[in-house]
Amino acid sequence: MSAFMKPHSAAGWATLLLAVIIILLGLPLVYMGAELAFLGGSLYYVVCGLVVTVAGVLMAMGRPAGGLLYLGACAFTWLWAFWEVGLDGWGLLPRVFGPTLLAIGVALCLPVLRRAEQARTTHVREVA
Numbered sequence: 001m002s003a004f005m006k007p008h009s010a011a012g013w014a015t016l017l018l019a020v021i022i023i024l025l026g027l028p029l030v031y032m033g034a035e036l037a038f039l040g041g042s043l044y045y046v047v048c049g050l051v052v053t054v055a056g057v058l059m060a061m062g063r064p065a066g067g068l069l070y071l072g073a074c075a076f077t078w079l080w081a082f083w084e085v086g087l088d089g090w091g092l093l094p095r096v097f098g099p100t101l102l103a104i105g106v107a108l109c110l111p112v113l114r115r116a117e118q119a120r121t122t123h124v125r126e127v128a
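Numbering (the UniProt record's numbering), first residue to last: 1 to 128.
So this is what it looks like as structure tokens:
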């Protein structure tokens with residue numbers, strides 16, 4: 001049995017694709033964030049990169065916790081952005097636009113993740 005979800009619909013494939021995109025965006029955040037932290041910069045990028053990567057992996061496994069984790073990371077990003085630049089719209093835009101677009105996609109994928117988890121738990125109960 002594979003740990004990753006097996007999509008059976010277009011929505012399932014879109015969810016899996018979004019999960020892979022999130023993983024591919026999280027990994028460079030970890031690496032480049034570590035370089036920045038080593039130079040005396042913020043640890044935000046390392047922490048957020050780790051959280052985003054884990055969220056993507058959980059989503060690829062069909063777990064709603066991954067989507068909720070990503071939404072939490074996005075909320076934290078908003079707080080960090082407000083702390084860093086205040087209400088300056090042009091300062092906020094590059095910090096929150098991309099994560100917020102992905103968060104909209106994640107929110108739309110939560111029903112698919114819930115169905116995938118229900119199917120997985122039902123299958124596990126039938127096997128046991």
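Glycine is no exception: its CB is placed at the ideal position from the N, C-alpha and C atoms.
Counting only runs that start and end inside the stretch 44-108, the alpha helix (DSSP H) elements of at least 4 residues fall at 44-60 and 64-85. With distances taken between CA atoms, methionine 32 lies nearest to Leu50 out of Leu18, Leu50 and Leu16. Taking C-beta atoms under 8 angstroms as the contact rule, threonine 77 and valine 96 qualify, at a distance of about 6 angstroms. The beta carbons of leucine 29 and alanine 37 sit no closer together than 8 angstroms. For phenylalanine 38, the enclosing alpha helix (DSSP H) has its first and last residue at 10-38. Put simply, the backbone Cα of proline 94 is about 31 angstroms away from that of arginine 114. Apart from sequence neighbours up to five positions away, the residues of its chain that approach leucine 58 with a beta-carbon distance below 7 angstroms are Ala65, Gly66 and Leu69, ordered along the chain. Excluding sequence positions up to five before and after leucine 25, its CB lies within less than 7 angstroms of the CB of Val52, all in the same chain and listed in chain order.
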